[in-house]
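J.:
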Amino acid sequence: MKTLTQAAREASTAIEHGDAEYDLIIIGGGITGAGIFHLAASQGAKVLLLEQQDFAWGTSSRSSKMVHGGLRYLASGQWKMTRDAARERESLLAELPGLVELMPYLMLHKRGDFPSAAIFHRVLSVYDKLAGSQHHKPLSIERARSWLSEVAFDEISGVSLFADGVTDDARLVLRSLQDGVLAGGLALNYAKVSGFIEGANGISGVEVSVNEGLRHKVKAKCVINAAGCWADKLHPLEHGGLRPLRGSHLVLPFERLPVSACITFYHPLDGRPVYIYPWQACSVIGTTDLDHHGDLDCEPGIAQKEVDYLLGLARHYFPSQKIVERDVISSWSGIRPIFSESNDKAPSKESREHIIWSKPGLISVTGGKLTSYHLMAKQTLEKVSEQLPELFDELKRAKFSQTDQGYADKHLSGYFGYFAPQIFAMVNSDTIGVSRCQWRELEWSVMSEGVTHLDDLLLRRTRLGLQLGAEVIRYREVILQLCCRHLGWSSDEADKEWNRFEQIFNSSYQLPSRQVREDICDG
11 MKTLTQAARE
21 ASTAIEHGDA
31 EYDLIIIGGG
41 ITGAGIFHLA
51 ASQGAKVLLL
61 EQQDFAWGTS
71 SRSSKMVHGG
81 LRYLASGQWK
91 MTRDAARERE
101 SLLAELPGLV
111 ELMPYLMLHK
121 RGDFPSAAIF
131 HRVLSVYDKL
141 AGSQHHKPLS
151 IERARSWLSE
161 VAFDEISGVS
171 LFADGVTDDA
181 RLVLRSLQDG
191 VLAGGLALNY
201 AKVSGFIEGA
211 NGISGVEVSV
221 NEGLRHKVKA
231 KCVINAAGCW
241 ADKLHPLEHG
251 GLRPLRGSHL
261 VLPFERLPVS
271 ACITFYHPLD
281 GRPVYIYPWQ
291 ACSVIGTTDL
301 DHHGDLDCEP
311 GIAQKEVDYL
321 LGLARHYFPS
331 QKIVERDVIS
341 SWSGIRPIFS
351 ESNDKAPSKE
361 SREHIIWSKP
371 GLISVTGGKL
381 TSYHLMAKQT
391 LEKVSEQLPE
401 LFDELKRAKF
411 SQTDQGYADK
421 HLSGYFGYFA
431 PQIFAMVNSD
441 TIGVSRCQWR
451 ELEWSVMSEG
461 VTHLDDLLLR
471 RTRLGLQLGA
481 EVIRYREVIL
491 QLCCRHLGWS
501 SDEADKEWNR
511 FEQIFNSSYQ
521 LPSRQVREDI
531 CDG
């Protein structure tokens, strides 16, 4: 069975030789492109996915990690979006245990604020009905106080308890890509599409350069543009445009913000819902929602006003913890590709619906939510079928690879699917520092998951950069030894890769007071 690394080598060779033609070429290795890739390959199509950076480099490694239906979209009247996302959440929980998990959510209601706990309870009843599940129930203030002993309850008049999903978004992308490869597809990172091949009947392929090398032409019956924030640069929209909105998060040690559920607070400054939740043995505060004016080809970083906004929430509701900037391990910022007609709405009021537009030989899709990626993939391939009715008989939901019956490691099964038993058989199951990442997971990623640069490994294949922050340097030698062994790096190349990782981390995953500059471009 082919790994992502093997598929990338095969794809690179085929591109350089110019001897392959595909049913579909997909541009974009985020969750939207990965979902389309998995679904198309599972239907028997000959598919090539091309990503200009690393897989999940953009929005899909920088979301809030929540697999949810979007209660706030229900409140704004987006019923269909909430229903579809809530049902997709239920499907992913059933399909990917160990990768997509149910997490308890607590909504704290302040006196005099809308909605009250009683009204919100009715909203949750509708939410559960749309999802076809039952996850909410009443919770007394007394019970909530015992659960959240560090939270100041002076202003709180009621508490609502429900549940939604949580995941590692980058791993969800990688799982979809790997299972698409197992179904026969090829995927390649660091392969930039710079233009299209124009045929007599429309687009007939792409021009692509691999690792900044020579430009090659690759033919396909249809090209799918799933490039996220870059989608309208490749295929301009006729009306409206994409509005890049930045959402930023702070990562703190669990002991500084000890929460065992996702707690939803209304921010005292603007009334926006903001979350504090457990993730990967840490605690996370997020998110912000504001216009991003930086270069989309540069790594985004958190701004000081966002740090103040998020820490202000923690200090307001967790006064006894006395949270300060030096408590922060790391941060991450992601750019949402939001379709906007005029940009005159407040960022949080913009619709999160996805859009699909097309011309002969080219289908483009962007926007939407992490949770709804499979639905977006299905609708995109239905558009392909309008141009190529012979390509698919019936679009059935893509199945994820399974381990042998009786294999019991839920975490490895969720993260790695078919390959979990091979990873389980590797020797070193110790976790790395305070993270939950095992050394055998890291080594497997180096060997088999298309790692090109060290930041691919430490920021996306694993989350050691986010979880350990500056402490990751304690494991520098062991990590670089593994990379030299499996990737063929020389000691000089390993040093350069570590310097590159540190530059990216210090510039875009640290606080502004620790950053070299807010944005950093690749290279």
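If you read the sequence shown in this note's numbering, its first letter stands for residue 11, the second for the next number, and so on.
Using N, Cα and C, we set each Cβ at its ideal position, and we do this for glycine too.
What you are looking at is a predicted structure, and each value in this text was computed from that prediction instead of being measured.
What first and last residue would you give for the beta strand (DSSP E) that runs through Gly-68?
T.: That residue, Gly-68, is in no beta strand (DSSP E); it is neither H nor E in DSSP.
J.: Take Gly-195 and list the residues in its own chain whose beta-carbon comes closer than 6 Å to its own, dropping the five residues that flank it on each side.
T.: Phe-47, Ala-51 and Val-57
J.: To the nearest angstrom, report how far apart Lys-359 and Gly-40 are at their CA atoms.
T.: 24 Å
J.: What ranges does the alpha helix (DSSP H) occupy inside the region 172-216, keeping only unbroken runs of at least 4 residues that lie completely in it?
T.: Correct list: 179-192.
J.: Here's the rule I'm using: 16 or more other beta-carbon atoms within 10 Å means buried, otherwise exposed. How should Gln-314 be labelled?
T.: exposed
J.: Ser-374 bridges to which residues according to DSSP?
T.: Note: Ser-374 is bridge-paired with Asn-235 and Trp-367 in the DSSP secondary-structure output.
J.: Nearest-angstrom Cα distance between Phe-402 and Gly-54?
T.: 8 Å
J.: Taking only three categories from DSSP, how would you classify Gln-412?
T.: coil
J.: Rank Leu-478, Leu-255 and His-303 by C-alpha distance to the C-alpha of Val-444 and give the top, closest one.
T.: Comparing Cα-Cα distances from Val-444 to each of Leu-478, Leu-255 and His-303, the minimum goes to Leu-478.
J.: On the DSSP bridge assignment, give the partners of Trp-342 in chain order.
T.: His-259
J.: Assign Glu-507 to buried or exposed, taking buried as 16 or more other Cβ atoms, counted over all protein chains shown, within 10 Å of its Cβ.
T.: Burial call: buried.
J.: Give a yes or no on whether the C-beta atoms belonging to Thr-92 and Tyr-83 are separated by under 8 Å.
T.: yes
J.: Give me whichever residues DSSP pairs with Gly-223 in a beta bridge.
T.: Beta-bridge pairing links Gly-223 to no other residue.
J.: Are the region 220-236 and the region 93-110 touching by the rule of at least three beta carbon pairs closer than 8 Å?
T.: no
J.: Considering only residues of the same chain and omitting the five flanking positions on each side of Gly-205, which have a CB-CB separation below 8 Å?
T.: Val-216 and Glu-217
J.: Report the start-end ranges of each alpha helix (DSSP H) in the region 125-179 that is 4 residues or longer and not cut off at the edges.
T.: 127-141 and 151-157
J.: Please confirm whether Val-394 and Ile-366 have their CB atoms less than 8 Å apart.
T.: no
J.: Could you give the distance in angstroms between the alpha-carbon of Gly-533 and the alpha-carbon of Asp-466?
T.: Any reading at Gly-533 must be qualified, since the residue scores a pLDDT of 36, below 50, and its modelled position is unreliable; no value is offered.
J.: Is there contact here, the region 286-304 with the region 440-455, by at least three beta-carbon pairs under 8 Å?
T.: yes
J.: Considering only the beta carbon of each residue, do Gly-190 and Ser-340 sit closer than 8 Å?
T.: no
J.: Would you mind sorting Arg-527 into buried or exposed? The rule is 16 or more other CB atoms within 10 Å of its CB.
T.: Reliability fails at Arg-527, whose pLDDT of 48 lies under 50, so the model's placement of it is uncertain and the value that follows must be treated cautiously. Exposed, because fewer than 16 other Cβ atoms sit within 10 Å of the Cβ of Arg-527.
J.: For Val-456 versus Leu-422, is the C-beta spacing smaller than 8 Å?
T.: no
J.: Below 8 Å CB to CB, which residues in the same chain sit around Val-183 once its five sequence neighbours on both sides are set aside?
T.: Gly-39, Gly-40, Ile-41, Ala-44, Phe-65, Ala-66, Ser-70 and Ser-71
J.: DSSP puts Met-117 in a beta bridge; with which residues?
T.: Ser-170 and Thr-274
J.: Applying the 10 Å Cβ sphere with the 16-neighbour rule, what's the burial state of Leu-380?
T.: buried
J.: Does the distance from the C-beta atom of Leu-171 to that of Lys-147 stay below 8 Å?
T.: yes
J.: The beta strand (DSSP E) spanning Pro-288 covers which residue range?
T.: 283-289
J.: Is Glu-459 closer than 8 Å to Thr-23 when the C-beta atoms are compared?
T.: no
J.: I need the boundaries of the beta strand (DSSP E) containing Asp-33, first residue and last residue.
T.: 31-37
J.: Identify, in the order they occur along the chain, each residue of the same chain with its Cβ nearer than 8 Å to the Cβ of Ser-73, setting aside the five sequence neighbours on each side.
T.: Asp-179, Gly-257, Gly-344 and Leu-380
J.: Please find out if some non-hydrogen atom of the ligand ATP comes closer than 7 Å to the beta-carbon of His-146.
T.: Of the ligands one can find in the structure shown there are none, so the ligand ATP has no counterpart to examine.
J.: Buried or exposed, going by whether 16 or more other CB atoms sit within 10 Å of the CB of Glu-316?
T.: Label assigned to Glu-316: buried.
J.: Rounded to the nearest angstrom, what separates Ala-271 and Gly-175 at their Cα positions?
T.: Roughly 11 Å separates the two Cα atoms.
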